[in-house]
Amino acid sequence: MFEVVDAMLDIVVPPLLTEASTLQGMHTPLHEAVIGGHEEVVALIIEKRKDMIAIKDATGCTALHYAAQKDNGWMVDMLLTHDPSLAYTPNFEGSPPLHIAAAFNSKSAITELLKWCPDAAEQLSEGKMTALHVAVIHGSLRALTTLLKMIDLEEIVNKGDKDMNTPLHVAAKNSRIRSMMVLLEDRRIDVRLINKDGETARDIIESHEEIDPYQLSLRNDYRPSEPLYTAILSRLRDPPSIDSLLLRARRERFPLSDPFFHKLIKTQSPDRALHTLSRMPSDFHCFPSVKTFNLVLAALVSVRRYDSVRALLCALVPRLGVTPDTCSRDDALALLDEMPKPNRVTYSTLMHFLCARGEVGEAFVLLERMERKRCEPDTVVFNVLISGVVKRGRVDEAMGMLRGMMRWGCRLNSDSYQAVLCGLIGARRFGEAKVFVVEKMGRERGRRPSFKAYEAVVAGLCGEGRVGDAEVVLRCATGSCPGGGLGR
Numbered sequence: 001m002f003e004v005v006d007a008m009l010d011i012v013v014p015p016l017l018t019e020a021s022t023l024q025g026m027h028t029p030l031h032e033a034v035i036g037g038h039e040e041v042v043a044l045i046i047e048k049r050k051d052m053i054a055i056k057d058a059t060g061c062t063a064l065h066y067a068a069q070k071d072n073g074w075m076v077d078m079l080l081t082h083d084p085s086l087a088y089t090p091n092f093e094g095s096p097p098l099h100i101a102a103a104f105n106s107k108s109a110i111t112e113l114l115k116w117c118p119d120a121a122e123q124l125s126e127g128k129m130t131a132l133h134v135a136v137i138h139g140s141l142r143a144l145t146t147l148l149k150m151i152d153l154e155e156i157v158n159k160g161d162k163d164m165n166t167p168l169h170v171a172a173k174n175s176r177i178r179s180m181m182v183l184l185e186d187r188r189i190d191v192r193l194i195n196k197d198g199e200t201a202r203d204i205i206e207s208h209e210e211i212d213p214y215q216l217s218l219r220n221d222y223r224p225s226e227p228l229y230t231a232i233l234s235r236l237r238d239p240p241s242i243d244s245l246l247l248r249a250r251r252e253r254f255p256l257s258d259p260f261f262h263k264l265i266k267t268q269s270p271d272r273a274l275h276t277l278s279r280m281p282s283d284f285h286c287f288p289s290v291k292t293f294n295l296v297l298a299a300l301v302s303v304r305r306y307d308s309v310r311a312l313l314c315a316l317v318p319r320l321g322v323t324p325d326t327c328s329r330d331d332a333l334a335l336l337d338e339m340p341k342p343n344r345v346t347y348s349t350l351m352h353f354l355c356a357r358g359e360v361g362e363a364f365v366l367l368e369r370m371e372r373k374r375c376e377p378d379t380v381v382f383n384v385l386i387s388g389v390v391k392r393g394r395v396d397e398a399m400g401m402l403r404g405m406m407r408w409g410c411r412l413n414s415d416s417y418q419a420v421l422c423g424l425i426g427a428r429r430f431g432e433a434k435v436f437v438v439e440k441m442g443r444e445r446g447r448r449p450s451f452k453a454y455e456a457v458v459a460g461l462c463g464e465g466r467v468g469d470a471e472v473v474l475r476c477a478t479g480s481c482p483g484g485g486l487g488r
């Protein structure tokens with residue numbers, strides 16, 4: 001490789017031209033190697049002819065300008081290792097390498113340039129523009145974000161050009177909305193600064209024939225509001241911009257409502273709609289309405305995303321706090337018909353919805369369907385049905401189902417007992433509740449009723465004058481109940 005490069009240099013750069021000054025204005029092999037991304041060739045040329053590093057071509061660009069344009073951080077580092085002053089060398093248009101990197105959205109090049117020469121960020125072009133101005137003009141979001149991250153001085157991020165326009169002014173003039181969003185997320189940005197015409201960025205925006213609602217956030221009296229966010233949402237199309245808007249809402253801790261998310265979800269793909277729905281409670285403290293839930297459910301069903309529907313029904317419903325209505329119930333039952341092999345989780349979830357609506361009979365129809373499909377019910381299935389019949393006042397039936405569970409080989413758990421106990425308490429059958437607590441629940445470890453259940457049984461027994469029985473229940477609550485004893 002070295003011999004090839006050596007021969008190439010002798011052909012392109014004759015030995016007589018040994019002084020670097022005689023090569024100025026030429027497009028050298030080093031320029032070409034950098035443009036072509038040939039890192040090994042670049043290293044060998046620098047080793048052979050280090051003087052080529054500072055040579056400018058016909059446009060005044062050094063090899064570093066082209067490395068910045070191509071976003072080759074390795075080459076930028078290599079060139080600056082041999083000559084750090086290159087970072088401050090402008091081309092014939094007055095643009096130093098950092099400005100070129102900003103124009104071409106070259107994140108890696110910017111990182112290396114500012115790592116070597118942090119004060120290069122203070123350098124201005126002929127129009128007295130910083131690299132931030134250039135990044136905004138060209139819509140180079142990666143470059144803009146990197147510059148803001150690496151520039152420490154507040155003075156630089158608010159620096160005005162020859163007309164005293166800050167990068168924010170320039171973004172407003174050029175309607176670079178996403179650049180404005182990036183700038184406004186930086187706490188150092190001063191929206192009150194004026195240019196030579198006495199205009200703030202807000203004034204520039206309001207002078208446009210069509211005002212973008214997002215840009216109203218530049219107002220000195222700006223206060224976030226849902227109509228403002230909704231208006232912004234109506235103008236955004238690409239997911240990254242929408243994500244930035246939601247991130248801003250989180251940072252401002254602004255409580256967006258269900259109608260806002262409903263409008264958003266209507267514009268999204270099924271996968272993104274499901275993602276947005278799942279984030280509502282945790283990230284925005286907003287619980288979806290049945291209408292919004294149905295919207296996502298319908299979108300998933302329309303593209304036959306049954307696994308996602310199952311995840312929505314089984315995993316997300318409890319966290320979302322949604323009780324599906326008739327429409328979503330019907331959709332779910334229709335979905336059950338299409339599923340090749342629904343499992344117990346699917347059946348139990350649908351039974352829960354039916355019982356919550358008071359349609360306990362329909363839930364038992366699903367139990368029969370499970371048996372026909374040879375899908376054995378588990379403890380969760382029976383617990384759902386027990387809770388359903390208890391809520392309808394059918395406590396004796398619930399107690400019979402406990403025995404049925406054992407015949408099916410299902411292990412009774414705390415929820416099984418608790419549901420029946422609540423039914424007895426609700427029916428004011430406190431004597432039976434006391435027997436149930438002591439003989440049924442007291443005998444098995446881990447089957448203790450809740451504190452409220454104990455309290456309700458004790459209060460009920462005392463109200464009926466059965467203080468002795470109340471004391472027995474109380475001893476069970478404190479862990480001193482004799483196994484299986486009924487007390488007095």
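Heads up, the sequence shown is in UniProt numbering, so the first residue is 1 and it goes up one at a time. Even for Gly, the Cβ is constructed at its ideal location relative to N, Cα and C.
Below 8 Å on the Cβ atoms is my guess for K437 versus C375; work out the distance and round it to an integer in Å. Contrary to the premise, residue 437 reads as Val rather than Lys in this sequence. Their Cβ separation, rounded to whole angstroms, is 34 Å, which puts V437 and C375 out of contact at 8 Å.
Closer than 7 Å by C-beta to T230: which residues in its own chain qualify, once you throw out the five before and the five after it? Chain order, please. F260 and K263
What are the start and end residues of each continuous alpha helix (DSSP H) run of 4 or more residues lying completely inside the UniProt repeat "ANK" (163-196), in chain order? 167-173 and 177-184
Please name the residue, chosen from I151, I242 and A131, that lies closest to M181 on a Cα-to-Cα basis. I242
Just the C-alpha distance for residue 514 and R192, rounded to the nearest angstrom, thanks. Residue 514 is absent from the model: the chain starts at 1 and stops at 488.
Are E32 and V76 close, meaning C-beta to C-beta below 8 Å? no
Can you give the Cα-Cα distance for T62 and I55, rounded to whole angstroms? 6 Å
Helix or strand or just coil, what does DSSP make of V303? coil
Contact between the stretch 398-417 and the stretch 360-372 (3+ Cβ pairs under 8 Å): no
Excluding the 5 residues flanking I156 on each side, which residues of the same chain have their C-beta closer than 8 Å to its C-beta? A121, E122, T130 and L132
First and last residue of the alpha helix (DSSP H) that includes C355? R344 to A356
How about G388 and C422: are their beta carbons less than 8 Å apart? no
Please look up how many angstroms separate the CB atoms of R188 and E154, rounded, as I've assumed it's under 8 Å. 4 Å
Taking Cβ to Cβ, would you say R250 is nearer than 8 Å to F284? yes
I'd like the span of the alpha helix (DSSP H) that includes G431, first residue to last. F430 to V435
When the Cβ atoms of the stretch 137-152 are set against those of the stretch 89-104, are three or more pairs found closer than 8 Å? yes
What are the boundary residues of the alpha helix (DSSP H) that includes T200? Taken as a continuous stretch (DSSP letters only), T200 belongs to no alpha helix (DSSP H), as it is neither H nor E.
Select from D71, L366 and T166 the residue whose C-alpha is nearest the C-alpha of G127. T166
N158 versus T267 - alpha carbon distance: 36 Å
Return the residue from the list T59, S348, V301 and V384 that minimises the CA-CA distance to D271. V301
Beta-carbon within less than 7 Å of L183's beta-carbon, same chain only, minus the 5 sequence neighbours each way: which residues are those? P167, L168, A171 and I189
For G393 and A427, which I take to be in contact (beta-carbon distance under 8 Å), what is that distance rounded to the nearest angstrom? 7 Å
Judging by CA-CA distance, which residue of R176, D57, A456 and G400 is the nearest neighbour of T28? D57
Do S125 and G160 have their CB atoms nearer than 8 Å? no
CB of V395 within 8 Å of CB of F430, strictly: no
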